[in-house]
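In the order they appear, the protein sequences are chains A and B. The first sequence begins at 243 in my numbering and counts up one residue at a time. The second sequence begins at 243 in my numbering and counts up one residue at a time. Cβ atoms here follow ideal geometry from the backbone N, Cα and C, with glycine treated the same way. Below is one structure, written out as structure tokens; the observations come after it.
There are 2 protein chains.
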Amino acid sequence: MRAKELMDKNFVYLNANDDVVEVSKVMEEIRRFTCPVVNDNKQLVGWITSFDITRGLREGNKKISEIMNDPKDVITVYERDPARKAVILTANNKFVTVPVVNEDEQVTGMIRACDIVELLSELYDIKVSKLYEAMQNQLKGVSWDELMSASALVSQKTTGVKITAEEYEDNIMNSTFGEAIWATGGLEKFFAGLISVGELVIARKVGKARR
Amino acid sequence: MRAKELMDKNFVYLNANDDVVEVSKVMEEIRRFTCPVVNDNKQLVGWITSFDITRGLREGNKKISEIMNDPKDVITVYERDPARKAVILTANNKFVTVPVVNEDEQVTGMIRACDIVELLSELYDIKVSKLYEAMQNQLKGVSWDELMSASALVSQKTTGVKITAEEYEDNIMNSTFGEAIWATGGLEKFFAGLISVGELVIARKVGKARR
């Protein structure tokens with residue numbers, strides 16, 4: 243995924259000559275805490291946050307140019323950059339927004355922390371049963387019931403709690419990848435558990451074929 | 243993970259009688275776009291965003307009570323709620339902050355979108371090689387070299403591109419779970435690829451044992 247696919251296009255370009263009071267109204271209206279200030283060619287010449295606006299209103303500044311931040315202090319990503327770059331910038335610097343520019347350095351969008359949360363949380367929301375379906379698909383000749391009974395066995399070994407294949411199936415139908423990772427104590431542990439299940443059903447399958 | 247473990251404690255409690263100008267300075271100083279307004283018992287009685295502050299400064303409001311939002315419109319989570327609840331609220335409503343309350347409905351922290359990004363992106367930053375280590379650990383008796391040669395074979399089959407075991411090893415040492423998911427086209431596909439590898443090495447292992 244590229245930065246371009248993640249960016250929000252619902253933002254406004256500010257001009258260095260814009261009036262502070264008018265800009266404050268626009269930002270309230272579109273509900274954005276940050277705005278890029280651009281030249282006539284849409285290239286970044288400054289950066290405004292709500293903190294600059296409150297300070298400007300308090301101190302009676304007239305123009306955006308009087309209160310805007312230096313564009314040198316603003317980190318941008320290119321449209322073609324991996325979306326991950328904006329994610330890492332946001333995570334490491336606690337950014338609210340990362341502006342996106344095209345090849346001509348024109349601002350074309352903004353990547354917001356809440357958009358990133360939406361993107362990342364979608365991954366977590368995949369049902370665990372989908373991963374089991376992928377597993378069954380891959381392990382041709384293994385039935386769903388075999389998979390569930392192997393899983394119940396592995397789960398019982400790991401947790402010491404008795405569970406039937408039917409109960410196990412209920413669990414994975416109702417839980418997400420995110421919940422499973424948190425429940426098992428991390429991606430590697432979750433993954434190790436699935437490998438155990440795979441190992442068991444494959445060993446049974448190979449055993450059967452050789453009989 | 244509980245909401246309590248994810249929340250940020252670096253916030254300020256506002257009082258309904260606080261002065262709008264003073265609050266604007268404090269919010270700039272701590273760099274927070276949102277603040278809870280509480281009573282003497284730290285229970286939520288209102289909610290302030292930078293948009294309320296800019297409007298208040300423009301219109302000459304004196305007290306926070308004149309500009310604050312109704313607490314009924316603010317969604318809170320409990321400290322004991324799963325952290326995921328705040329993640330879902332943030333993703334679905336594009337929230338910047340979700341306030342956290344304890345059993346006595348006192349505000350004890352704030353969960354911010356950028357903190358969630360940090361948390362979720364950590365998962366993505368796990369090196370793919372760590373997952374292979376978990377796999378090797380689980381599949382007792384399979385060597386790292388066997389795992390790499392099986393992986394190169396599966397990768398070649400899937401992509402049609404020739405790759406040696408050494409090149410494959412280099413790849414997984416340098417790529418993260420996040421990159422792998424994006425490169426393979428999603429969690430299920432990434433997972434299916436790993437299952438293929440597991441299947442191949444297990445079949446070889448079982449085959450060897452029976453010879």
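Best match in the options for proximity to residue i [C-alpha to C-alpha]
i: A/Val-287; options: A/Pro-313, A/Arg-297, A/Thr-276; result: A/Pro-313
i: A/Ile-290; options: A/Arg-300, A/Gly-302, A/Glu-271, A/Leu-256; result: A/Leu-256
i: B/Asp-282; options: B/Asn-259, B/Ser-417, B/Val-265; result: B/Asn-259
i: A/Phe-419; options: A/Val-448, A/Tyr-410, A/Leu-429; result: A/Leu-429
i: A/Asp-346; options: A/Gln-285, A/Ile-353, A/Ala-245; result: A/Gln-285
i: B/Ile-353; options: B/Phe-433, B/Val-265, B/Cys-277, B/Lys-447; result: B/Cys-277
i: A/Phe-253; options: A/Arg-244, A/Glu-271, A/Glu-247; result: A/Glu-271
i: B/Ala-394; options: B/Val-384, B/Glu-408, B/Leu-365, B/Ala-422; result: B/Glu-408
i: A/Lys-304; options: A/Ser-266, A/Arg-322, A/Arg-273; result: A/Ser-266
i: A/Asn-311; options: A/Gly-298, A/Asp-323, A/Gly-302, A/Gly-427; result: A/Gly-298
i: A/Ile-437; options: B/Ile-358, B/Glu-375, B/Lys-404, B/Ile-330; result: B/Glu-375
i: A/Thr-426; options: A/Gln-378, A/Val-396, A/Trp-386, A/Phe-337; result: A/Val-396
i: B/Lys-372; options: A/Phe-433, A/Met-243, A/Glu-264, A/Arg-274; result: A/Phe-433
i: B/Thr-318; options: B/Leu-362, B/Val-338, B/Ile-306, B/Gly-302; result: B/Val-338
i: B/Ile-306; options: B/Ala-422, B/Arg-326, B/Val-268; result: B/Val-268
i: B/Lys-369; options: B/Arg-300, B/Lys-327, B/Asn-335, B/Ile-423; result: B/Ile-423
i: B/Ile-309; options: B/Val-279, B/Ala-333, B/Asp-357, B/Ile-358; result: B/Val-279
i: A/Lys-246; options: A/Met-415, A/Arg-326, A/Glu-364, A/Ile-414; result: A/Arg-326
i: B/Ala-392; options: B/Ala-333, B/Gly-435, B/Asp-367, B/Val-316; result: B/Gly-435
i: A/Asp-357; options: B/Asn-334, B/Tyr-366, B/Leu-248; result: B/Asn-334
i: B/Asp-367; options: B/Gln-398, B/Thr-406, B/Ser-417, B/Lys-382; result: B/Ser-417
i: A/Arg-322; options: A/Arg-273, A/Leu-248, A/Gln-378; result: A/Leu-248
i: A/Gln-378; options: B/Thr-332, B/Asn-413, B/Lys-431, B/Ile-414; result: B/Lys-431
i: B/Asp-387; options: B/Lys-336, B/Thr-406, B/Arg-300; result: B/Thr-406
i: B/Ala-451; options: B/Gly-383, B/Thr-400, B/Arg-300, B/Arg-273; result: B/Gly-383
Where residue i meets chain B, residues with beta-carbon distance less than 7 Å
i: A/Gly-420; result: Arg-326
i: A/Val-263; result: Arg-300
i: A/Glu-270; result: Phe-293, Thr-296, Arg-297
i: A/Ser-393; result: The premise fails here: A/Ser-393 is roughly 14 Å from chain B at the closest Cβ pair, so nothing lies under 7 Å.
i: A/Leu-286; result: Simply none; closest approach about 21 Å.
Within chain A, partners of residue i - CB distance below 8 Å
i: B/Gln-380; result: Ala-434, Ile-437, Ser-438, Glu-441
i: B/Val-359; result: Val-329, Thr-332, Ala-333, Ala-355, Ile-358, Val-359, Leu-362
i: B/Ala-376; result: Glu-430, Lys-431, Phe-433, Ala-434, Ile-437
i: B/Leu-256; result: By Cβ distance, chain A contributes nothing, its closest Cβ being about 14 Å from B/Leu-256, past 8 Å.
Residue range of the alpha helix (DSSP H) that includes residue i
i: B/Gly-420; result: 419-426
i: B/Val-370; result: 370-380
i: A/Val-396; result: 386-401
i: A/Ala-407; result: 407-416
i: A/Glu-308; result: 306-309
Those residues which DSSP pairs with residue i across a bridge
i: A/Arg-244; result: A/Pro-324
i: A/Arg-354; result: A/Thr-339
i: A/Val-319; result: A/Val-342
i: B/Asp-312; result: BP columns for B/Asp-312 are empty, so no partner.
i: A/Val-349; result: A/Val-343
i: B/Asp-250; result: B/Met-352
i: A/Leu-256; result: A/Val-279
Within chain B, partners of residue i - CB distance below 8 Å
i: A/Cys-356; result: Thr-332, Ala-333, Lys-336, Phe-337, Val-338, Ala-355
i: A/Met-455; result: Coverage of chain A is limited to positions 243 through 453, which leaves residue 455 of chain A absent and any answer about it impossible.
i: A/Ile-216; result: Nothing in the structure corresponds to residue 216 of chain A, since chain A is present only between 243 and 453.
Limits of the unbroken beta strand (DSSP E) element including residue i
i: A/Met-269; result: No beta strand (DSSP E) contains A/Met-269, which is instead part of the alpha helix (DSSP H) from 262-272.
i: B/Ile-290; result: 286-291
i: A/Thr-276; result: 276-280
Residue i: contacting residues in chain A (beta-carbon distance under 7 Å)
i: B/Val-448; result: Ala-445, Val-448
i: B/Lys-372; result: Glu-430
i: B/Arg-273; result: Phe-293
i: B/Ser-266; result: Thr-296, Arg-300
Cβ separation of residue i and residue j, assumed to be a contact under 8 Å, to the nearest whole Å
i: A/Gly-351; j: A/Lys-251; result: 5 Å
i: B/Glu-360; j: A/Gln-380; result: Their Cβ separation, rounded to whole angstroms, is 33 Å, which puts B/Glu-360 and A/Gln-380 out of contact at 8 Å.
i: A/Tyr-320; j: A/Val-343; result: 6 Å
i: B/Ile-295; j: B/Val-349; result: The Cβ separation is near 19 Å, so there is no contact.
i: B/Leu-389; j: B/Val-439; result: 7 Å
i: A/Pro-324; j: A/Arg-446; result: With a Cβ gap of about 41 Å, A/Pro-324 and A/Arg-446 do not count as contacting.
i: A/Ser-292; j: B/Phe-275; result: 6 Å
i: A/Val-448; j: B/Val-448; result: 4 Å
i: A/Leu-365; j: B/Ser-363; result: Not really, about 11 Å apart at Cβ, beyond 8 Å.
Beta-carbon neighbours of residue i, restricted to chain B and to distances below 9 Å
i: A/Ser-417; result: None at all; the shortest Cβ gap to chain B is about 11 Å.
i: A/Phe-253; result: None at all; the shortest Cβ gap to chain B is about 13 Å.
Residues that residue i contacts on chain A, provided the C-beta gap is smaller than 9 Å
i: B/Ile-368; result: Gly-428, Leu-429, Glu-430
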